[in-house]
Structures are given as C-alpha cells and as structure tokens.
Amino acid sequence: MRAANWIPVLRLPRLTQGRRPPAAVLIPAVLVALVLVLSPAYLSIRTLGAGPEIWDLLARPSVLFILLRTLALVFSVTAGCILLALPLAWLTVRTDLPFRRFWNVTLLLPLVLPSYVGGLVAISTLGGGGIIQEWLDAGTGLDDASVFGDFPRSILVPPVNFLLSLTGLEEIPNIEGFAGAFIVLTLLSYPYVLLTLRAAMWRLDPSLEESSRALGRNYWATFYNVTLPVLRPSIAAGGLLVALYTLSDFGAVSLLRYETFTWAIFVQYDSGFSRTLGAAMSLVLVAVALGLVAAEGVTRSKSRYYRTGEGASRPANVLRLRWWKWPALALCVAVVLTALALPIGVLLFWLIRGVAAGEPFLFLWGALRNSIYASALAAAVTAAAALPVAVLTVRFPGIFSSFLEKVSYIGFALPGIAVALGLVFFAANYALFLYQTVAVLVVAYLVLFLPTALGAIRASLLQMNPDLEQAARSLGRSSWAVLLTITFPLVRPGVLAGAALVFLLTMKELPATLILSPIGFDTLASSIWSASSEGFFARAAAPALLLVLASGLALVFLTQRQQQPS
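Okay, so the sequence shown: first residue is 31 according to our numbering, each after it adds one.
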C-alpha cells in the first residue's frame, strides 16, 4: 500500500519533468523562439554597428535618470494594480457580492481603453485647464451650458468645490507628471492581474481551504496561509504583465509629460536624431524585461500548485459578506466610476459637443472591421503559440525552456515601433513577399503580446497535476493527442483569458499598427490617433467609443466563457 501511494506521488512528476520534450511541444516552441528573436537581433545589429562610443551615450546622467524614473513608475503601478485587483477578484469570485455578474464584466472593461485615451481624458477633464476647471471659473463654460444645460456643472462642481475647500486649494492641481501617469496606468492596467487571478480562483481546489478550517484556522488565516500562496503564480504572472506594459507604454506617459525610456526611444526614432541610440535604449529595456522575468521566476521557485490526491472538483463555498457588502460595493462603484464611467462620459461629452458645433463624424465601419479581423487573428495565433511554450517551460525545465521563457517576454517590454522596425528590416531583406501584408502585422502582435497569453496559460498549467498527462501517455496516446485532449481542455480558462487579453491589446495597439499596416488598412486605433494628434477631439470620440463598444462586447463573451466549468 505504501509503495503504491509513493510511486505516483513522488516519482512520476520527476520522470515527467526529466524526459525529453515531445515533438508536438518542441517544434512549435522552436518556431516561436525564432520569431521572437527577430527584433532583438535587429536592435543588436544596429547597436553594435555604432562601435564602442554607444556605451558612452548610454552612460550619460540624463539617460540613467530617465531609467530610474521609468523603474519608479513600473514598480509603483505594479504594486498598485496588485493591491487593487486582489480584493476585487476575491469579492467577485468567492463572496455573495450583490450584482456579482455585473461587476464580473464591468471591472474588466477598463482594459478596453487605450492608455492614450486615458491620458487624454485625464488632461481634458482634470488638468489645470480642463473641463471641470473651466466650469469652476466664473463666466466660463457657457458654450457647454447651451449644449448640455446646467446638468453636468450642477452635478460635478459642488463636490469638487467641497474637496478643494477641504484641501485649501484654489484650483485643481496639475495632473501631469508621475502622479497622473501612476493613476491612469493603474486604473487601466489592474484588469491584467484581475483576469489571471479570477482564472486561478475558479480552478482553486476548495478542499485545501476546508482542511485548513477543519484544523482550527479562521477564514482570514486560511486565506493568508493557504489561498494566497496557491494564487502566487497568478499574482506574479499578472504583475509581470503590468510591469512590462508600463515599461513599454508610450501614450499615457507622453500625454501626461512624464518622460520614460519608451518616450525617449520614440523621440529618437521619430525625429531621426539618433536611431542607433534608440536601438541601444531598446536593448536596455530588453535587459530590464529579462530582470523582471527572472524576478518573477524566483517568486514562483519550485513550489507545487496542483493537488496530488483526488481533491474536490466542485466550486468553493461562497462567503457571506453581511454588513461588509456595503464597503465592498463602495469599492467596486468607485473603481468603475473612475476607470470606466469617467472616460466614457468625457468621450460622449466631446462627441455631443462636436455634433452641436456642426462637426462631421463617421463611425468608420471599415476601420472597425479591420480592427476586429486583425485582433481575432492575432488572438488565435498567439494563444496557439503560447500553449506549447507554456507546456515546455512548466513541464520540461532546462536551458532551452528557460531561455524561451525569458525571450518570450522581451517583445512586451519593447516599444511597438522597435518591434515593427525589426520586422520591416527582415521582411524587406529576407521575405519580401510578406512585406506590407497583414501576416507581418499579426507576427508583430504575436511578438508584442505573447506574454499576456503565456502568463495566463502557465498559471493554469501550474495548477494541473502532471500525472494526468503521464497517465495518458502510458495508455498509448501520442504527444499531440495528449496536448489536444488532456492539456488543452484542462487549461482552457487560462487560454481564454490569454486570448481575451491579446484581442483587447491588439484592438488598441498603435505604433506597430501605424508602421506595418498595409496601405489602406485603417484601424480604429490609427483613426483615433490621427484625429486626436491634430486636436480634433470631437472627431476622435466616435471611433474611440466604437473601439470601447467592440472590445467590450468581446470581453463580455470571453468573460462568460471563462466562468463556465471546464
């Protein structure tokens, strides 16, 4: 009896992790690795071609100062997103929060807003010369009153005046700089952590918590000592995505005037001042990204996050909040109002204001069709590429899998313009038939957003007992059959979560889309940027609202599919 229990629990996982990867996993992973190194290879060629003086440029105090500013923003936004997403995930999955299905969807919707839209909303609304400040000043805002009546001002001005009186300020403080970038990126990025956390909580074995409670621990002690450690891979995966997204963001930091490495790189490329320095700075971002991936790997260590016994396949018991439901509701309402309702309200404001002023606008159905087509294709390709990579890195640790895991996160930290220029270089020189095609655009999306799918799939895979795959192989199933019939169905929540993230990120991606899109292939993101960069905010509002609507519908569908039991 002891030998029978000892062999499957202790020996089989080691044999599984020590065997050579099957061709069904290794070949697709190698192909993905080749695609991922194209842009770093271009950046390396460009940088090394400049000679040793490039190191003197990188060692300048101004460059080091920008790097420190970037790291400060990255760590602050990541910590803020984790602290915000963890209670929201727990409330929407494990408690009897009122209107839980409604919050399941709306709390994820800020993900559909591009960072440049968030920055624009922050400046035009809360900036020193924004809409609210105009309404606060006597004798201004009359044009808006003629369009909207006194309703907006009568609702917003009194509480703003009250807050200003409490703080002793005479006008709204300038939101530009670190504070504005931190607020905007945190409110728009916390769904990365929330989505991966919820996928893990749906699959969490309730028998672990029940055993802890049976041993005398209360609910909070059980959550801290049992639930939270099991959720650590999902927290780390979501936090890594937030960190890399913040590292590569251009829209919010440029509009809010907070200089980071990405903004400095874009200036170097856009002005043509020194593209070599831009390539070298991009390689610095690669090094920072590898450091973040290594740190995430240390937090994951060699812990085991799956059950080795039969466990419980039923949902966990729902905790009754009782009077705590009111603070919980207040938290959800505050987050949704700030991160979702305010940006959409400002976009509607600009749209109505423009219509009243006779501004012509189009809903750009062709751009919508192109955006959905490219995003759906990128989501499918990226999720399919992430599955074998996740299996290789989790089930077959080694030198190559460790290298592939780190390389897969590089694209997410690089500015879209650096990835795009690298693909243009290789397509123009070695694959001319792919130049200016949708295929190259999808490859760019794969390089940029593979970590979003990989993190969610890997978190689900870590909770899956490898004995299931080993048992299927021992019964004669091929590696392809095991991957498709055993692994994929069990990690389906993570696959759907990753596909949802890729779809939404692709819908709003800008720099790579502008460079790699075929001639005449306009998207909603490029239409929004073209109008807003020229100061036509009312004209940008229509495609922005259309982007939010299309992305929101897709997110609702994928969220509902994620909650279905696998």
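For glycine and all other residues, C-beta sits at the position ideal for the given N, C-alpha and C.
Could you have a look at residue i and say whether DSSP puts it in helix, strand or coil?
| i | result |
| --- | --- |
| residue 176 | With a pLDDT of 45 at residue 176, under the threshold of 50, the predicted position of this residue should be treated as unreliable, and no value is reported. |
| residue 553 | coil |
| residue 245 | coil |
| residue 349 | strand |
| residue 280 | coil |
| residue 45 | Summary for residue 45: the model assigns pLDDT 32, below 50, so the residue's position carries little reliability, and this model does not support an answer. |
| residue 89 | coil |
| residue 106 | helix |
| residue 137 | coil |
| residue 210 | helix |
| residue 312 | helix |
| residue 505 | coil |
| residue 465 | coil |
| residue 579 | helix |
| residue 50 | coil |
| residue 21 | Residue 21 cannot be examined here, being either before or after the span of the chain that is shown, 31 to 596. |
| residue 144 | coil |
| residue 373 | helix |
| residue 25 | The shown model of the chain, from 31 to 596, leaves out residue 25, and the question about it has no answer. |
| residue 513 | helix |
| residue 342 | Confidence is the limiting factor: at residue 342 the pLDDT is only 46, short of 50, which leaves the residue's position unreliable and the question unanswerable from this model. |
| residue 82 | coil |
| residue 519 | helix |
| residue 573 | helix |
| residue 496 | coil |
| residue 217 | helix |
| residue 394 | coil |
| residue 261 | coil |
Report back the beta-carbon spacing between residue i and residue j to the nearest angstrom; my notes put them in contact at under 8 Å.
| i | j | result |
| --- | --- | --- |
| residue 474 | residue 512 | That pair is no contact at about 32 Å. |
| residue 122 | residue 130 | 6 Å |
| residue 55 | residue 422 | 5 Å |
| residue 127 | residue 355 | 7 Å |
| residue 537 | residue 580 | 7 Å |
| residue 516 | residue 498 | 6 Å |
| residue 229 | residue 523 | 5 Å |
| residue 568 | residue 480 | Not a contact, Cβ separation roughly 37 Å. |
| residue 488 | residue 267 | 7 Å |
| residue 606 | residue 112 | No information on residue 606 is available, as it lies outside the stretch 31 to 596 that the chain covers here. |
| residue 396 | residue 552 | 7 Å |
| residue 314 | residue 291 | 7 Å |
| residue 319 | residue 439 | 5 Å |
Considering just the uninterrupted stretch of the alpha helix (DSSP H) at residue i, what are its terminal residues?
| i | result |
| --- | --- |
| residue 535 | 522–538 |
| residue 127 | Counting along the chain, residue 127 falls outside any alpha helix (DSSP H), and DSSP gives it neither H nor E. |
| residue 77 | 68–78 |
| residue 543 | 541–546 |
| residue 479 | 468–492 |
| residue 387 | Premise fails: residue 387 is in no alpha helix (DSSP H) and is neither H nor E. |
| residue 286 | Looking at the DSSP string, residue 286 is not in any alpha helix (DSSP H), and its letter there is neither H nor E. |
| residue 365 | 355–366 |
Can the beta-carbon of residue i be found less than 9 Å from the beta-carbon of residue j?
| i | j | result |
| --- | --- | --- |
| residue 282 | residue 145 | yes |
| residue 441 | residue 74 | no |
| residue 114 | residue 370 | no |
| residue 520 | residue 483 | no |
| residue 554 | residue 574 | yes |
| residue 406 | residue 471 | no |
| residue 148 | residue 218 | yes |
| residue 20 | residue 208 | With the chain covering only 31 through 596, there is no way to say anything about residue 20. |
| residue 558 | residue 307 | no |
| residue 437 | residue 66 | yes |
| residue 264 | residue 226 | yes |
| residue 289 | residue 96 | yes |
| residue 152 | residue 214 | yes |
| residue 142 | residue 534 | yes |
| residue 446 | residue 71 | no |
| residue 310 | residue 100 | no |
| residue 556 | residue 546 | no |
| residue 548 | residue 468 | yes |
| residue 51 | residue 425 | yes |
| residue 374 | residue 578 | yes |
| residue 599 | residue 87 | Here the chain comprises residues numbered 31 to 596, so residue 599 is not present and cannot be evaluated. |
| residue 118 | residue 367 | no |
| residue 63 | residue 433 | yes |
Q: Mind listing, in chain order, the continuous alpha helix (DSSP H) runs of no fewer than 4 residues lying wholly within the region 413–463?
A: Listed in chain order, they are 429–437, 440–443 and 446–460.
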